[in-house]
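Residues in the first sequence are numbered from 74 upward in steps of one, following my numbering.
Positions of the beta carbon are idealized from the N, C-alpha and C atoms, including for glycine.
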Amino acid sequence: MKNRDKLIDFFYKMYDHFGPLHWWPGDSPFEVMVGAILTQNTSWANVEKAIQNLKEKDLLDPHKLLNLSHEELAALIKPSGFFNIKARRLKEFVNFFIHEYNGSVEKMKEEELWYLRNKLLKVKGIGKETADSILLYALDMPIFVIDAYTKRIFSRHHIIPTDMDYDALQHFFMENLPQDLRLYNEYHAQIVLTGKTYCRKKPLCNICPLKDMG
DNA sequence: GACCAGGCACATC
DNA sequence: GATGTGCATGGT
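Here it is as structure tokens:
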């Protein structure tokens with residue numbers, strides 16, 4: 074079986090099980106960007122609390138965030154963990170967003186995908202997964218997001234070697250799947266939900282949608 | 001109480 | 001270039 078057929082097969086096993094997920098869970102592109110930074114090595118439930126804090130004070134806005142003191146911002150995002158570091162990273166990103174694009178999502182979307190990716194990666198605190206999440210889920214750009222679940226699931230099922238790095242893994246998915254924004258969006262969402270629902274809890278593995286794969 | 005979570009930058013060898 | 005470490009809350 075060709076890799077491209079395997080990848081499509083995996084996708085439909087998950088999709089048929091969970092149904093469409095329509096990621097990212099967020100009301101606006103800017104909220105998605107903030108969420109992408111806050112969820113670094115952190116469970117989404119904790120991130121939601123931090124975002125709720127910002128929403129309640131009507132601070133989920135690039136200019137308002139930039140004007141907060143470090144202490145104020147850190148206190149608001151405390152539930153998401155690593156709050157000192159993440160407050161700094163949020164500021165770095167928002168500063169970039171405002172000075173490069175005047176805080177405009179539409180302006181940012183005018184950039185060429187890989188050129189913008191390189192610019193995002195120069196912002197301190199934005200690594201590959203965070204950059205790609207922003208590109209795909211906030212800006213609707215067709216790039217495949219890799220994360221810990223992707224590595225774990227596909228190496229356990231012997232589709233990829235365990236030591237494959239981020240760029241190689243991303244290339245593997247993108248060369249074997251049609252370049253389709255909606256597919257990339259849905260595929261990563263399905264992987265994350267599968268990963269956090271089943272692959273961490275051994276007793277549930279027998280009902281995982283991927284149980285018969287590889 | 002240990003272990004984990006939708007990473008990343010930085011130090012050290 | 002590979003490997004190790006700090007960052008921190010909240011759920012299981």
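Item to check | Contacts around R77, its chain only, beta-carbon distance under 8 Å, and the 5 residues preceding and following it disregarded | outcome: N249 and L250.
Item to check | Under the three-state DSSP convention, the category R273 falls into | outcome: It is coil, neither helix nor strand.
Next on the checklist: Quick check: I199 and L209, are their CB atoms within less than 8 Å of each other?
Outcome noted: Cβ atoms of I199 and L209: not closer than 8 Å.
Item to check | I264 - containing alpha helix (DSSP H), residue span | outcome: I264 -> alpha helix (DSSP H) spans L254 to T267.
Checklist entry - Are there three or more Cβ pairs, one per stretch, closer than 8 Å when the segment 259-266 is compared with the segment 218-229? => result Contact holds between the segment 259-266 and the segment 218-229, because three or more Cβ pairs, one in each stretch, are under 8 Å apart.
Checklist entry - Taking the C-alpha atoms as reference points, what is the distance between L127 and A204? => result Roughly 22 Å between the two C-alpha positions.
Item to check | Distance between beta carbons of L146 and A123, contact taken as under 8 Å | outcome: Between A123 and L146 a beta carbon distance of about 10 Å is seen, past the 8 Å cut, so the two are scored as non-contacting.
Checklist entry - How close, in whole Å, do the beta carbons of P102 and A241 come, if the pair is a contact with beta carbons under 8 Å? => result With a Cβ gap of about 29 Å, P102 and A241 do not count as contacting.
Checklist entry - Quick one: Cα of I81 to Cα of N140, how far? => result Taking the straight line joining both Cα atoms gives about 46 Å.
Item to check | N-terminal and C-terminal residue of the alpha helix (DSSP H) that G108 is part of | outcome: Counting along the chain, the alpha helix (DSSP H) containing G108 begins and ends at P102 to L111.
Next on the checklist: Helix, strand or coil for C281? Go by DSSP, reduced to three states.
Outcome noted: C281: coil per DSSP, three-state reduction.
Item to check | Buried or exposed by the 16-neighbour rule on C-beta atoms within 10 Å, applied to P282 | outcome: By the 10 Å Cβ count, P282 comes out buried.
Next on the checklist: Here's the rule: buried if 16 or more other CB atoms are within 10 angstroms of the residue's CB, otherwise exposed. What is S116?
Outcome noted: Per the 10 Å Cβ criterion, exposed.
Next on the checklist: At the level of alpha carbons, what is the spacing between V107 and E121?
Outcome noted: Rounded to whole angstroms, the separation of the alpha carbons of E121 and V107 is 11 Å.
Item to check | Simplified DSSP assignment, three categories, for M74 | outcome: In this structure, DSSP gives M74 a state outside helix and strand, which the three-state scheme calls coil.
Next on the checklist: Distance check for M87 and L277, CA to CA, integer angstroms please.
Outcome noted: L277 and M87 have their C-alpha atoms roughly 15 Å apart.
Item to check | Meets three-Cβ-pair contact criterion under 8 Å: the segment 90-98 and the segment 182-202 | outcome: By the Cβ test, the segment 90-98 is not in contact with the segment 182-202, since fewer than three Cβ pairs between them sit closer than 8 Å.
Next on the checklist: Do K197 and E165 count as a contact pair if the criterion is CB distance below 8 Å?
Outcome noted: For E165 and K197, yes; Cβs fall inside 8 Å.
Item to check | Run of the alpha helix (DSSP H) containing L189, from where it starts to where it stops | outcome: Taken as a continuous stretch (DSSP letters only), the alpha helix (DSSP H) holding L189 covers L186 to K195.
Checklist entry - Quick one: complete alpha helix (DSSP H) runs, 4+ long, within the segment 95-179? => result As far as the segment 95-179 is concerned, its whole alpha helix (DSSP H) runs of at least 4 residues are 102-111, 117-129, 135-140, 143-149 and 156-174.
Item to check | Residue environment, I219, which counts as buried when at least 16 other CB atoms sit within 10 Å | outcome: I219 should be labelled buried.
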